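K.L.:
Got a structure for you, questions after.
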Amino acid sequence: MDGELFPERVAWRSGPIITGHVVRLMEGYSREVRIGQPILVAVLSTAALVKVVLLLLASVLRAGAAGGARRRWGELRKGPEFLVTPLRLRDGGGVLCEMEIHGHLPQSALEPDDHVQVTVRSQKAEGLAPRVERIVNLTTGQLLTPRTPTLWSHLGPALLLQAGLGVVLLGGILAWVLIGR
Numbered sequence: 001m002d003g004e005l006f007p008e009r010v011a012w013r014s015g016p017i018i019t020g021h022v023v024r025l026m027e028g029y030s031r032e033v034r035i036g037q038p039i040l041v042a043v044l045s046t047a048a049l050v051k052v053v054l055l056l057l058a059s060v061l062r063a064g065a066a067g068g069a070r071r072r073w074g075e076l077r078k079g080p081e082f083l084v085t086p087l088r089l090r091d092g093g094g095v096l097c098e099m100e101i102h103g104h105l106p107q108s109a110l111e112p113d114d115h116v117q118v119t120v121r122s123q124k125a126e127g128l129a130p131r132v133e134r135i136v137n138l139t140t141g142q143l144l145t146p147r148t149p150t151l152w153s154h155l156g157p158a159l160l161l162q163a164g165l166g167v168v169l170l171g172g173i174l175a176w177v178l179i180g181r
């Protein structure tokens with residue numbers, strides 16, 4: 001049969017572990033991480049509290065504006081992008097399975113015909129192939145764990161430190177008010 005006119009059906013197996021041979025790594029594309037608005041509001045509001053205190057101190061000391069360039073709400077709300085690479089492999093029963101690798105892998109990590117053991121998990125969004133959590137390349141003996149950016153890596157250590165200081169400052173103000181009464 002002609003493979004172009006009658007393509008082979010692809011299955012989405014839920015796993016959790018699928019063993020087979022790599023058929024093809026397809027072309028990757030980018031997808032955004034969704035950011036929850038309540039978490040973002042909490043982090044930015046506690047960080048803003050520290051920013052206000054620093055600006056007040058700077059104006060008293062006439063040291064100029066505190067802080068550097070900051071990212072806008074839309075940039076933070078958009079979320080980071082990560083690479084999605086569809087992977088097709090043929091399992092022990094001869095079934096062609098498709099799954100998604102989220103994040104980057106080394107260029108030579110997977111080659112066609114490599115014997116692999118893949119740990120997959122279904123995704124929250126309906127209509128998406130299962131997500132690869134871990135790949136054991138039995139041909140080369142490599143253990144591969146793709147990593148995607150998270151909310152915390154997207155916000156960055158400086159903003160998270162500032163938000164942490166804001167929580168401490170807010171807690172100190174609340175304790176002072178409650179103890180003062």
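Read the sequence shown against full-length UniProt numbering and you will find it ends at 181, with the numbers running on by one and no gaps. Beta carbons are placed, not taken as given, at the ideal position from N, Cα and C, and that holds for glycine. In this text the structure is predicted, and so the values were computed from the model without any measurement.
Can you tell me whether GLY127 is buried or exposed? The criterion is at least 16 other CB atoms within 10 Å of its CB, across all chains shown.
P.N.:
Label assigned to GLY127: exposed.
K.L.:
Among GLN107, GLU111, ALA158 and GLU98, which residue has its Cα nearest to the Cα of VAL120?
P.N.:
GLU98
K.L.:
Could you name each continuous beta strand (DSSP E) segment of 3 residues or more that falls completely within the region 116 to 167, going from the start of the chain to the end?
P.N.:
131 to 137 and 142 to 144
K.L.:
If you draw a straight line from the alpha carbon of THR140 to that of ARG134, how long is it in whole angstroms?
P.N.:
15 Å
K.L.:
Can you have a look at ILE179 and say buried or exposed, based on whether 16 or more other CB atoms are within 10 angstroms of its CB?
P.N.:
exposed
K.L.:
Can you tell me whether DSSP reads ALA63 as helix, strand or coil?
P.N.:
Because the pLDDT of ALA63 is 48, which lies under 50, any placement of that residue in the model is unreliable, and the question is left without a value.
K.L.:
In chain order, what residues of the same chain lie with their CB nearer than 6 Å to the CB of VAL136, ignoring the 5 residues before and after it?
P.N.:
GLN117 and LEU143
K.L.:
When you compare each of GLY92, ASP91, LEU44 and ARG31 to GLY164 by their alpha carbons, which one comes out closest?
P.N.:
LEU44
K.L.:
Closest to LYS78 by C-alpha separation, out of GLY15, ILE35 and TRP176, would be which residue?
P.N.:
ILE35
K.L.:
From the DSSP output, which residues share a beta bridge with LEU87?
P.N.:
LEU25 and MET99
K.L.:
Rounded to the nearest angstrom, what separates VAL53 and ALA47 at their Cα positions?
P.N.:
Roughly 10 Å separates the two Cα atoms.
K.L.:
Could you give the distance in angstroms between the alpha-carbon of LEU155 and the alpha-carbon of LEU161?
P.N.:
Computed Cα separation, rounded: 10 Å.
K.L.:
By a C-beta neighbour count over all protein chains shown, 10 Å radius and 16 as the cutoff for buried, is MET1 buried or exposed?
P.N.:
Because MET1 sits at a pLDDT of 48, beneath the cut-off of 50, its placement in the model cannot be relied upon, and the following sentence gives the value as read from the coordinates. MET1 is exposed by the Cβ-count criterion.
K.L.:
So what does DSSP say about ALA109, is it helix, strand or coil?
P.N.:
coil
K.L.:
When burial is assigned at 16 or more other CB atoms within 10 Å of the CB, is GLY74 buried or exposed?
P.N.:
exposed
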